[in-house]
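Shown next, in structure tokens, is the structure this report addresses.
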Amino acid sequence: TETTVSPKILTPDTNAIGKAVWALASGELVAFPTETVYGLGADARNGRAIASIYETKGRPSFNPLIAHVTGIDAAREAGGMFDERAVKLAKAFWPGPLTLVVPCTADCAVHELARAGLDTLALRAPAHPVAQKLLDEFGAPVVAPSANKSGHVSPTRAEHVASDLTEGVSIILDGGPTEVGVESTVVACLPGEPVRLLRPGGVTREEIERVTGEVLGEASEAVQSPGMLAQHYAPRAAVRLNATEIAGGEAWLGFGEIAPLGGRGIAHLNLSPTGDLAEAAANLFAYLRELDALAPTAIAVAAVPDTGLGEAINDRLRRAATR
Ligand code: TXA
Ligand code: MG
Numbered sequence: 003t004e005t006t007v008s009p010k011i012l013t014p015d016t017n018a019i020g021k022a023v024w025a026l027a028s029g030e031l032v033a034f035p036t037e038t039v040y041g042l043g044a045d046a047r048n049g050r051a052i053a054s055i056y057e058t059k060g061r062p063s064f065n066p067l068i069a070h071v072t073g074i075d076a077a078r079e080a081g082g083m084f085d086e087r088a089v090k091l092a093k094a095f096w097p098g099p100l101t102l103v104v105p106c107t108a109d110c111a112v113h114e115l116a117r118a119g120l121d122t123l124a125l126r127a128p129a130h131p132v133a134q135k136l137l138d139e140f141g142a143p144v145v146a147p148s149a150n151k152s153g154h155v156s157p158t159r160a161e162h163v164a165s166d167l168t169e170g171v172s173i174i175l176d177g178g179p180t181e182v183g184v185e186s187t188v189v190a191c192l193p194g195e196p197v198r199l200l201r202p203g204g205v206t207r208e209e210i211e212r213v214t215g216e217v218l219g220e221a222s223e224a225v226q227s228p229g230m231l232a233q234h235y236a237p238r239a240a241v242r243l244n245a246t247e248i249a250g251g252e253a254w255l256g257f258g259e260i261a262p263l264g265g266r267g268i269a270h271l272n273l274s275p276t277g278d279l280a281e282a283a284a285n286l287f288a289y290l291r292e293l294d295a296l297a298p299t300a301i302a303v304a305a306v307p308d309t310g311l312g313e314a315i316n317d318r319l320r321r322a323a324t325r
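First residue of the sequence shown? That's 3 in UniProt numbering, and the numbers climb one at a time after it.
So, in structure tokens, the structure goes:
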């Protein structure tokens, strides 16, 4: 039988990255920072390691994983087939918070368990220097979902990973708070289909359309992200959206300068007092966790504009509010 050891939280110096590479190569799980959220990484070729990601997260096995690579060459080597549109998008946004879903070759390096049996592959080249160093030294794709229990709020700090995943993880590389704060945008570039937005995220709809020169298609019955469950990112407390007032036992999550009517509730946090969407995205998950820990009767959230990064923020808030 295996003994349960809590993960080691390491400062990501050369020595720690060496240990993390060794752990990945041995089929163990390593949590690492990306510019969006922390990922729970495994060797993309190792079915057993991938199975332990699903087990550790309590993730349904129909929900495929993103393979992280160093760039477009490595993405092709992994089995991703890039058409002109995918090349254009990768050139514009990699390394960065964009995931491309493309067809994959029959001899795809990414194990089919990580692809949930699909004939497509999700690929991303992260911009975080620790993620890049890990991928570079490991020399093969690393599949990584967000490093949280399935359905919970995604981790933007090493401590979030440690508090959520107490077993099954060998090493957590602590790169401090993540910069973007919401997950990557997922788009599909599939033959005979428009480029479709499967999940809003760190790259905005407007930025993508500027590069493709086309209006983004929406997810469809045939082309979708199996992981986009209505309820996700769920704090324990109820979440009330577009709030303008606050009741006695509630916590307030504000945006911009407008204060809530009706009193102070039990706590106040503001995603961005100046109304900056990038700052709001970076604070979102940590603030939800912080307010949730106070066990309010509900978290009342101010309206956030739906443009730019606001689309991803509102997407996560709606899922957090779904019971
Ligand atoms: O920013 C991010 O994307 C973070 C960091 C760690 O890279 N990762 C992340 O992974 O958010 P995860 O597993 O929490 O979300 C991946 C999403 C899921 O909605 C999944 O269904 C979708 O990508 N996905 C993966 N492979 C797919 C495929 N072949 N077709 C459609 N959707 C896919
Ligand atoms: Mg996730």
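For every residue, glycine included, the Cβ atom is placed at its ideal position computed from N, Cα and C.
If you're wondering where the values come from, they're calculated on a predicted model, not measured in any experiment.
Next on the checklist: residue 193 and residue 105 - do their beta-carbons sit closer together than 8 Å?
Outcome noted: yes
Next on the checklist: Along the chain, where does the alpha helix (DSSP H) containing residue 116 start, and where does it finish?
Outcome noted: Annotation for residue 116: no alpha helix (DSSP H) segment contains it, and DSSP assigns it neither H nor E.
Checklist entry - Is the CB-CB distance between residue 2 and residue 41 below 8 Å? => result Lying before the first or after the last residue shown, residue 2 is absent from the chain, which here runs from 3 to 325.
Checklist entry - Whose C-beta lies closer than 6 Å to the C-beta of residue 273 among residues of the same chain, with five residues either side of it excluded? => result 257, 282, 285
Next on the checklist: Restricting to Cα atoms, I'd like to know which of 214, 219, 279 is closest to residue 201.
Outcome noted: Taking only the C-alpha atoms, the option nearest residue 201 is 219.
Next on the checklist: Tell me which residues share the same chain as residue 191 and place their Cβ nearer than 8 Å to its Cβ, disregarding the 5 neighbours each side in the sequence.
Outcome noted: 84, 85, 87, 88, 91, 102, 103, 104, 197
Next on the checklist: For a test of the three-state rule: what should DSSP assign to residue 247, helix, strand or coil?
Outcome noted: strand
Item to check | Simplified DSSP state of residue 95, which is helix, strand or coil | outcome: DSSP places residue 95 within a helical segment (H, G or I) once states are collapsed to three.
Checklist entry - From residue 56 to residue 62, what does the alpha carbon distance come to, in whole angstroms? => result 7 Å
Next on the checklist: List, from N- to C-terminal side, the alpha helix (DSSP H) runs of 4 residues or more that fit wholly inside the stretch 163–214.
Outcome noted: 207–214
Item to check | Terminal residues of the alpha helix (DSSP H) in which residue 56 lies | outcome: From DSSP, the alpha helix (DSSP H) with residue 56 extends over 49–59.
Item to check | Test item, CB below 6 Å from any non-hydrogen atom of the ligand MG | outcome: 147, 148, 156
Checklist entry - How many angstroms separate the CA atom of residue 158 from the CA atom of residue 128? => result 15 Å
Checklist entry - Quick one: what does DSSP say residue 279 is sitting in, helix, strand or coil? => result helix
Item to check | Three-way DSSP call (helix, strand, coil) for residue 220 in this model | outcome: strand
Next on the checklist: Can you tell me whether residue 66 sits near the ligand TXA, meaning its C-beta is under 7 Å from at least one heavy atom of the ligand?
Outcome noted: It does: the Cβ of residue 66 is within 7 Å (strictly closer) of some heavy atom of the ligand TXA.
Item to check | Three-state secondary structure assigned by DSSP to residue 9 | outcome: coil
Item to check | Outcome for residue 144 when other beta-carbon atoms lying within 10 angstroms are tallied against a minimum of 16 | outcome: Classification for residue 144: buried.
Next on the checklist: Below 8 Å on the Cβ atoms is my contact criterion, and I expect residue 195 with residue 155 to pass it. Report the Cβ-Cβ distance as a whole number of Å.
Outcome noted: No, residue 195 and residue 155 are not in contact; Cβ-Cβ is about 32 Å, not under 8 Å.
Next on the checklist: For residue 260, which residues in the same chain have their Cβ closer than 7 Å to its Cβ, ignoring the five residues on either side in sequence?
Outcome noted: Scanning its chain for C-beta atoms nearer than 7 Å, with the 5 sequence neighbours on each side dropped, one finds around residue 260 the residues 304, in chain order.
Checklist entry - Which residue's Cα is closest to the Cα of residue 113: 17, 35, 254, 82? => result Residue 82 is the option with its Cα nearest to residue 113.
Next on the checklist: What would DSSP say about residue 4, mapped onto helix, strand or coil?
Outcome noted: Because the pLDDT at residue 4 is just 49, under 50, the model does not fix this residue reliably, and the value given afterwards should be weighed accordingly. Coil at residue 4, not helix or strand.
Checklist entry - Distance, Cα to Cα, residue 99 vs residue 205? => result 6 Å
Item to check | Nearest-angstrom Cα separation, counted from residue 93 out to residue 212 | outcome: Approximately 13 Å, taken between the alpha carbons.
Checklist entry - Tell me the DSSP bridge mates of residue 304? => result For residue 304, which the question treats as bridged, DSSP gives no partner whatsoever.
Checklist entry - Between residue 297 and residue 241, is the Cβ-Cβ spacing less than 8 Å? => result no
Checklist entry - Taking the DSSP output, what are the residues bridged to residue 148? => result 41
Checklist entry - Leaving out the 5 sequence neighbours to the left and right, which residues in its chain are closer than 6 Å to residue 4 when beta-carbon positions are compared? => result Only weak support exists for where residue 4 lies, its pLDDT of 49 falling under 50; the coordinates are left without a value.
Checklist entry - Over what stretch of residues does the alpha helix (DSSP H) that includes residue 17 continue unbroken? => result 16–27 is the span of the alpha helix (DSSP H), which, as asked, contains residue 17.
Next on the checklist: For the ligand TXA, I want to know if residue 230 counts as a neighbour, meaning its beta carbon is within less than 7 Å of at least one of the ligand's heavy atoms.
Outcome noted: Proximity of the beta carbon of residue 230 to the ligand TXA is indicated: a heavy atom of the ligand is located closer than 7 Å.
Checklist entry - How many angstroms separate the CA atom of residue 181 from the CA atom of residue 38? => result 6 Å
Item to check | Span separating the alpha-carbon of residue 8 from that of residue 23 | outcome: Distance between the alpha carbons of residue 8 and residue 23: 18 Å.
Checklist entry - By Cβ distance, which residues of its chain are closer than 8 Å to residue 50, with the 5 residues on each side in sequence left out? => result Apart from sequence neighbours up to five positions away, the residues of its chain that approach residue 50 with a beta-carbon distance below 8 Å are 29, ordered along the chain.
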